[in-house]
Amino acid sequence: MTVTSDRSAPTDAPLGAPAPKRFGGLLKTRELGIVLALALLVAYTAIDNPRFLSGQSIRDNLLNTAILAVMATGQAVVVITRNIDLSVGSVLGISAFAVATLMSNNQDLPMIVALLAGLAVGAVAGLVNGVLVRYGKVPALVVTLGTLYIYRGITYSWAGGSQVNADELPRHFLTFANDSILGIPWLVLIALVVVAAGSVMMRNYRVGRELYAMGSSPAAAELAGIKVARNLLGAFVLSGALAGLAGVLYAARFGTVDAAAGTGLELNVVAAVVVGGVAVFGGSGSVWGAALGALLLTVIGSALAVLDINQFWQQAIVGALIILAICADRLVAVRIARSLRKRDAHV
Amino acid sequence: MLRSPRTLLSVTSAALLVAGLTACGGTTKDSASNTGGDSNQASAAADPNAAIKEGLKIAFLPKQLNNPYTDVEVGGGKVAVEELKGEYKLVGPNDASASSQVSYINTLIQQQQDVIVVAANDPNAVCPSLNQARAAKIKVITFDSDASKDCRDAFINQATTQGIGESLAKMALEQAGGEGEIAVLSATPNATNQNSWIEVMKTELKKPEYAKLKLVKVAYGNDDDQKSFQEAQGLLQSYPNLKAIVAPTTVGIAAAARYISSSSYKGKVAVTGLGLPNQMREYVKDDTVKKFALWNPADIGYLAAFAGAAMASGKVTGAEGEKFTAGKLGEYTIGADGEIVLGPPTEFTKENIDKFNF
Amino acid sequence: MSDIDLGKRPSANRSGALKSRLTSWDSIILVLTGLVLVIASISVDNFGTSRNFTFMVLDLLPIILIALPMTMIIVTGEIDLSVASTLGLTSSMMGWLWNQGLSIETIIPICVLIGAICGVVNGFLITGLGLPSLAVTIGTLALYRGLAFVVLGDGAVADFPWNYTGWVTGTIGGGAVPNVLILIVALALIFGIVQHATPFGRSLYAIGANAQAAHFSGIRVARTKFWLYVVSGAVAGLVGVLWTLRYSSARADNGAGLELAVVAAVLLGGVSIFGGKGSLPGVLAGVVLLTALQNALRLEDVSGQALNIVTGSLLVLSVLLPNVTTAVRGNWHRRKLRQASAR
Amino acid sequence: MAEANARPEDQPPRLEVHDVSKSFGAVAAVQGVSFPLFGGEAHALVGENGAGKSTIVKMLAGVHRPDTGTLRVDGVDVDFAGPADAKAAGIAVIYQEPTLFPDLSVAENIAIGNQPLTKLRQIDRKQMSANAERLFRRLGVPLDPDRPARGLSIADQQLVEIAKALSSEARVLIMDEPTAALSAVEVERLFAVVRSLRDEGAAIMFISHRFEEITALCERVTIMRDGKHVATELVAGLSVDDMIRRMVGRDLSALFPKQDVEPGEVVLEVEGLSRAGVFKDISFSVRSGEIVALAGLVGAGRSEVMQAVFGVDPYDSGTVRVQGRRLRKGSPRAAMAAGMALVPEDRRQQGLVMELSIERNVTLPRARKLSRLGLLFGGAERDHAATWTGKLQTKLGRLSDAVGTLSGGNQQKVVLAKWLSTGPSLLIVDEPTRGIDVGTKAEVHRLMSSLAADGLAVVMVSSELPEVLGMADRIVVLREGRVAAQLTRAEATEESVMYAAMGQHAMGDAA
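Structure below.
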């Protein structure tokens, strides 16, 4: 049901223990699972077609993952707080178009400006979401569904059917996508930095742990005197900003940008996060898990192309994966619940 | 408690279906006589001397907006409509889906346009509403990609299918260096004209002079930049020895060129097909692309507008053999099934590309 | 939502109940819709015409039908995002079966059944395994759409018999009333009665507002929800059929993205995403409002995209405004208490 | 005289509650309560359920803002905008129901908000676990600091809560029934720690129903009743009886006594009912015309038993028979069909749907019987609701008002109406008079009595001794999920019941 509401049928939950998710210990194994799946997939594909492991191919996969991973990082943070941000696709669109226009109008702006501009646009969009959720007391699902329409609409009425072509964009902007230092493309580097930073923040910093706490038990978070409002806004701003950043990367990578850029992307992002082991009811999961989810989804895509499997299977497989992921989490939870009731049977 | 409403629902919905739909006996694919209903063909007789009416409302409905190729096409249309002293209008969906196109056709009918110039996203899905338009005395001209014959008055064909297919094959041969594997990166698998061109191309490839050329795969980029880009990647991963990618769609060729020019395959794999000079210029300049072809899309819109005007004025009806003049393009003759052929495509190279701006 | 803060609960006084009833969103939306229709038919050329009416009915057909069960689901505090994909899957299957040479009369019930099966899967995952409906239906959204493409690829099947496609797009005796309107009215009536005048309907609200109390009152929460998903799937299947026939084109991507439009319309109609609140008339009004706006704006040559802004804003406002008023009332009440006990 | 042997006069109380009132909607939870809390003293706060203790706690914790009155810390007026402020003021609270973060590690739960940091402002996990270790050693509990809080037993959760409070080096420690779930040993350890804190100068506020704990730990006690302050006195100067009398506020005889009825045939028969980790081997029976009370401490498993009997909760083994016929388990519908009705413990969460109208709430369990051809017509429901709310003299505006707008007492009447309207032969009432005003209490008691007189079999779960002693023909006392004693009306005294409930040897064990 809605991510923000606690009304999810308590009567359906296994009685005896509060509907649990999983032991922290299993968290690691959870991500391990994705890594294994990934390894198997790559191995199988590589055996069928060794070029799948060629530098070029790996590079392509990483490049394709980069944008999704950046967005998944932000989404993971929001979902961990027991919220959701469906507007990321539209935010990517608006930021991509804004930055593309900006760069095409002033050819010699340095790349860093583009990146900052994208981040800024996204941050503002995210702030609006956050304010509506926290102070408007409107569930995140509704808010971000609404802003999904609004931001997209703004982009369209601004673009008015026009589009920015590769040849209108400055060289250094386009090459940025493919230029690399030490063999690692900028795009991938940025994604790595974002994911790493996100993981560290969520693991090792107070604010990160507080975000987990908020998702784990909103009521307790209030009682513990956690600055819920500040953190929530922060989470949404982050998610927005990263979507904005993704917009810049998108523009740089694909050169041609129109108002439709990133339409429907929100579902892939949520999928990546869920597959990555972040529980929709918040409190558990990890940023790098989400990033792994993004990688897995992307690799599946290109593997299908390489294995010459009907590309149409891709979406079905993704869907099956999502369901598999949540079922797995649930089964673990139930088993724990049972073992607990036995253990507590001191009566 | 649940039983009652559930059965209630299923029963009634079933009942309604029966009531509404099964009014007539078992209809199967074979027994279905699908004549698109009231195909009101060329009604009144043509009057060759009729003057072109002024103030005609001519609306353009491309596959989707903000597609640069489309922009150029309808741009030509705009010019023509101004020459004809008509009212130009451009509407269109943001996604290339038939369903949203239908809504726009309905709207145009409401606004009582005189001519609808449409590029069908799905040859059949748009038919019912196009026929409603024609029933409302609106002339329907298709361009770019045709709707099924019985729901439009005329189709502006950018070039004979044969001609394009042949030149695609020819360019592929040159670019691949006479031999090796080639692949096609097309639009959507049910894009009418792309498919017909690919068919011709395939028959061409059977000829002896193409013996050494091997078409290994036809990939589909759905005329979506990102998708095409990734399909290009896929092709090169699955077919290491690929010599050339032939993309009979402007989106596809641009994406493919961009990928190649930025990848290690640059110089090894040739890209050719149908593209827009403005989009392709940088890749032609950096030698990723040696040669590609296209007709002048502006002329398509231009011709479509004139054809529509001629019909709306009763000058022609769409019957084979009728003639009309299309401004600067001169005289055209309507072919079989109301087809009007624009002319042979132009080939673009490093040398001549700067002469064109569209 | 923190269950601690009882202070949040608005303790409306006796007259407050009536006030809030009058100012409740679903009555506002009804008025709003009326206004839009009136203004549009006055100021927008060709809006009031009978043909345009037909077009509008055809445009709102899919949303309104899917919204009927969706309303019930959201009232119970759950959600079903997979409906549009179910629609796509049935559309694909319809095309495929048609190519297999089955008669349309057999295909149509089969398609509705396929939809119901999709619903069964959702229902089982959600009520059987107790998984969160949001995650589940996002998953099946991808799954069903994917299967749709697997079945029919990117191709399209078009040669459906004219008498059927004609029936869907046609009007009664060529008049102003489109045939499908019968279907809409009939289903709307059935769902309306079930939701608002049967014990089953009552239980939906109880479940949505407080599942535990419902359970304590002998309502079978899980089972109720399960069947809602089945019905939702079946209706989506039916709509898949109608969609295919209307565009006489069975495609895997039919109705892509429709789920958001439906949810938007339902919430716009005043149904609380937390469940327990909302009425069908409100939802119907919401759907009509959206479609009418779209239609009118298009006739005025306003880009359909500008409408996105309107839709989105309305959606947010539909929840925001009631909250704001509630909060204001709450504060006012507390202040009053403060003064009272100060004396 | 109290202050005399507490802290010296010159120093202001560490924490002071001054003429504080708080009401929720129509319910006045706390009215004009004042009492001081000195550093270095352990101060008990006692009162019946619904006397307003927890509300006081939540105000001190910064969860609720007082409607009127002020809180003072070290003599200075404070206005807590939220729990953060209270924390900052050095107030640590252990809530009745644990408030842990299931997904975080135990150590993290303890440290949340002020985790030890490395110089990079990162969390120093080693340090964090070490701190937790130290606290646990101090409390003498073997808990792994790095395991997640999810799945901890209630007792362990409670211990973590305590550790949490200790870790914050609070100057004021408030404990709302911290011992409810703890074993005697754990309680002793806790007390040792608390005493040492007190001796270090912290102010302790201790809420408990266990009088022997109060006498063991506290110097002074503040007694509350119906949201009002009754007295603040030295524990030494009070007998348990005095305390109870002041809590109840009237002699037991003052309560409406249940009129004697000749019990009829057996209606409910529970045999060997067990549920792992909740209750074990519960057996008792109820005859028509009889009121049987389930007594015991909070968490003894009384409500759980009755909910299992009614079918809202499952049970592992045992049988439930109604009028001799065995009842399908786990199905409230079957129970209702067999003529059972359950007025649950938690009105807000289990008894009523607050958002729905009074009318809808009353008719909820009977909607199907009221419908004609599967359809409901407003009239039928309204008449039905009107009749029953009328019978119970419920004070309400319009039947279409949300039930949440009623006062606690009238809400309870709506719940009773809802279930009595189903014409039950067995009525289970769980805490029937919790948090409702004295007047309504009496009405409810009168009602139950007359229902019994009409041959209804009644099972009453109650934490209020006077109520139990006043109303029950027989008393089944539960302790830690087992039947500790079955007392007849004659055998039952406060002491016998209390002792049985707390596990001290007493005549109760004979039964």
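Chains as they are written, first to last, in the working numbering: chain Y, 1 to 347; chain P, 1001 to 1358; chain B, 2001 to 2343; chain G, 3001 to 3511.
The beta carbon of each residue, even a glycine, is placed where N, CA and C say it ideally should be.
Model, not experiment: these values are computed from the prediction.
Original post:
Any idea what DSSP makes of Y1332(P), helix, strand or coil?
Top reply: strand
Original post:
Rounded to whole angstroms, how far is the Cβ of K2277(B) from the Cβ of T2127(B), which I believe are closer than 8 angstroms?
Top reply: Contact doesn't hold; Cβ gap of about 22 angstroms is too wide.
Original post:
Considering only the beta carbon of each residue, do V2319(B) and L2181(B) sit closer than 8 angstroms?
Top reply: no
**OP:** Spell out whether any CB of chain Y is found under 8 angstroms from the CB atom of N2331(B).
**Re:** no
**OP:** Can you pull the chain P residues whose beta carbon is under 8 angstroms from the beta carbon of S2249(B), in chain order?
**Re:** A1098, D1122, N1124 and A1125
**OP:** Starting from F1229(P), follow the alpha helix (DSSP H) in both directions and report where the run begins and ends.
**Re:** D1225 to S1238
**OP:** Identify whether P218(Y) lies in helix, strand or coil by the three-state DSSP scheme.
**Re:** helix
Original post:
Any C-beta of chain G sitting closer than 8 angstroms to the C-beta of L223(Y)?
Top reply: yes
Subject >> In chain order, each beta strand (DSSP E) run of at least 3 residues that lies wholly inside the stretch 3334 to 3364 of chain G >> reply: 3340 to 3343
Subject >> Below-8 angstroms beta-carbon distance, S1039(P) vs any chain B residue >> reply: Bear in mind that a pLDDT of 42 at S1039(P), under 50, signals an unreliable position, so the number given afterwards is only what the model happens to contain. False, the Cβ-Cβ gap to chain B never drops below 8 angstroms.
Subject >> Span of the alpha helix (DSSP H), counted from its first residue to its last, around E3304(G) >> reply: R3302 to F3310
Original post:
Who are the near neighbours of G3301(G) in its chain, counting only those whose CB is closer than 7 angstroms to its CB and skipping five residues on each side?
Top reply: V3278, F3279, L3478 and G3481
Subject >> Given G1330(P) as reference, the closest of S1313(P), F1358(P), A1319(P) and D1299(P) once Cα atoms are compared >> reply: D1299(P)
Subject >> Distance between Q1194(P) and T1249(P) (C-alpha atoms, nearest Å) >> reply: 8 angstroms
Subject >> Boundaries of the alpha helix (DSSP H) in which D3199(G) is found, first to last residue >> reply: A3184 to D3199
Original post:
chain P beta carbons: is any one of them nearer than 8 angstroms to that of F2055(B)?
Top reply: yes
Original post:
In the stretch 1228 to 1246 of chain P, which residues sit with their C-beta less than 9 angstroms from some C-beta in chain Y, listed in chain order?
Top reply: F1229, Q1230, E1231, Q1233, G1234, L1235, L1236, Q1237, S1238 and P1240
**OP:** Verify whether the separation of the beta carbon atoms of T2236(B) and V2083(B) is less than 8 angstroms.
**Re:** Contrary to the premise, residue 2236(B) reads as Ala rather than Thr in this sequence. Contact: yes.
Original post:
If you run the structure through DSSP and keep just helix, strand and coil, what is E2953(G)?
Top reply: Residue 2953(G) cannot be examined here, being either before or after the span of chain G that is shown, 3001 to 3511.
Original post:
Ordered along the chain, which non-local residues of its own chain (more than five positions away) have a Cβ less than 8 angstroms from that of R335(Y)?
Top reply: none
**OP:** Step through the CB atoms of chain G and report whether any lies within less than 8 angstroms of the CB of S2217(B).
**Re:** yes
**OP:** For G3351(G), return the contacting residues in chain B, with the cut-off set at a CB-CB distance below 8 angstroms.
**Re:** A2213 and F2216
**OP:** Would you check if the distance between the CB atom of R2246(B) and the CB atom of V2151(B) is smaller than 8 angstroms?
**Re:** no
**OP:** Please say whether I3291(G) and D3473(G) have beta carbons closer to each other than 8 angstroms?
**Re:** yes
Subject >> Three-state class that DSSP yields for G3330(G) in the structure shown >> reply: coil
Original post:
So, using beta-carbon positions, are F52(Y) and A259(Y) closer together than 8 angstroms?
Top reply: no
**OP:** Pull up the DSSP beta-bridge partners for S3023(G), would you.
**Re:** A3028(G)
Original post:
At what residues does the beta strand (DSSP E) containing Y2164(B) begin and finish?
Top reply: Looking at the DSSP string, Y2164(B) is not in any beta strand (DSSP E); the run it does join, the alpha helix (DSSP H), is W2162 to T2169.
**OP:** Return the residue from the list G2218(B), A2188(B), D2154(B) and T2325(B) that minimises the CA-CA distance to N1222(P).
**Re:** D2154(B)
**OP:** Answer with buried or exposed for T1333(P), where buried requires no fewer than 16 other C-beta atoms within 10 angstroms of its C-beta.
**Re:** exposed
Original post:
Which of the residues in the stretch 3356 to 3386 of chain G, read from start to end, lie with their CB under 7 angstroms from any CB of chain B?
Top reply: L3356, R3360, L3364, P3365, A3367, R3368, S3371, G3374, L3375 and L3376
**OP:** Answer with yes or no whether the minimum CB distance from N2122(B) to chain P is below 8 angstroms.
**Re:** no
Subject >> Classification of F3393(G) by the beta-carbon crowding that lies within 10 angstroms, buried from 16 upward >> reply: Checking the sequence shown, residue 3393(G) turns out to be Gln, not Phe. Exposed is the call here.
Subject >> Close Cβ partners of A996(P) (< 7 angstroms) along its chain, the five nearest in sequence each way excluded >> reply: Within the shown structure, residues of chain P are numbered from 1001 to 1358, placing residue 996(P) beyond reach of any answer.
Original post:
From Q3349(G), A3484(G), G3439(G) and A3452(G), pick the residue whose C-alpha is nearest to that of G3404(G); which is it?
Top reply: Q3349(G)
**OP:** Go ahead and label I1260(P) buried or exposed: buried means 16 or more other beta carbons lie within 10 angstroms of its beta carbon, across all protein chains shown.
**Re:** buried
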